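A short write-up of the structure that comes next.
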């Protein structure tokens, strides 16, 4: 288990990869903070809290990426895990970036907050809370994109036998030729 830990990673340059894990493989993550900062091109950042049948509660995850063709992902309560009262923030500034936030995949997501911001063109952003047969309750998801040809998707309580209630989802897009999808409580 991981309790009240803080981890910070900063990388400058191209083709860098960082994988930060707190409370994985059946473990629990409580009160942790993980921060990843990357500046450059074609970098990859993955931040796990309470993964692989793990339990994530009161955690904070931050990823900031500046540059083109970067990939960022935050997972809290992942793979049959449970995520409660977590906050995830992912910011990307550049061209053709991909950002994903997952809270309670195949499990339970309650009282979580997810914020994804992307600036530039041809970016893809996705937020999933209580996804793939999971339960999503009282979660907030905000996805904002500023640019052209961007794609955004928010799913809350989606999948067979899934449940979604009292959730909030908001997509803000400024620019041209953008697409947005929101799904709540769908099989």
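Residue numbers (our numbering): 1169 to 1355.
Built from N, CA and C at the ideal position, the CB exists for glycine as well.
Just so you know, these numbers come straight off a predicted model, no measurement behind them.
- Mind reading off the beta-carbon distance from residue 1345 to residue 1317? Whole number of angstroms is fine, and I expect it under 8 Å. Right, the Cβ-Cβ distance comes to about 5 Å (below 8 Å), so this counts as a contact.
- Message: Using 8 Å for Cβ pairs, my map puts residue 1299 next to residue 1273. What's the rounded Cβ distance?
- Response: Their Cβ separation, rounded to whole angstroms, is 5 Å, which keeps residue 1299 and residue 1273 in contact under 8 Å.
- Query: In chain order, which continuous runs of the beta strand (DSSP E) of length 3 or greater are located wholly inside the segment 1260-1304?
  - Reply: For the segment 1260-1304, whole beta strand (DSSP E) runs of length 3 or above, ordered along the chain, are 1266-1273, 1276-1278, 1281-1287, 1292-1299.
- Message: Tell me the residue span of the beta strand (DSSP E) that contains residue 1316.
- Response: Where residue 1316 is concerned, there is no enclosing beta strand (DSSP E), given that its DSSP letter is neither H nor E.
- Item | residue 1222 vs residue 1194 beta-carbon contact at 8 Å | Note that the C-beta distance between residue 1222 and residue 1194 is below 8 Å.
- Query: Cβ atoms of residue 1252 and residue 1283: under 8 Å apart, would you say?
  - Reply: Their beta carbons are not under 8 Å apart, which means residue 1283 does not touch residue 1252 by this criterion.
- Query: So, is the C-beta of residue 1343 closer than 8 Å to a C-beta in chain B?
  - Reply: The structure shown has no chain B; it contains just one protein chain.
- Query: Are the beta-carbon atoms belonging to residue 1245 and residue 1267 less than 8 Å from one another?
  - Reply: No, the Cβ-Cβ distance between residue 1245 and residue 1267 is not below 8 Å.
- Query: Any idea if residue 1315 is buried or exposed, counting beta-carbon neighbours within 10 angstroms, 16 or more meaning buried?
  - Reply: Around the CB of residue 1315, 16 or more other CB atoms lie within 10 Å, so the residue is classed as buried.
- Query: Is residue 1243 closer than 8 Å to residue 1219 when the C-beta atoms are compared?
  - Reply: Yes, the Cβ-Cβ distance between residue 1219 and residue 1243 is below 8 Å.
- Message: Measuring alpha carbon to alpha carbon, tell me which residue in 1258, 1170, 1265, 1257 is nearest residue 1210.
- Response: Of the residues 1258, 1170, 1265, 1257, the one whose Cα lies closest to the Cα of residue 1210 is 1265.
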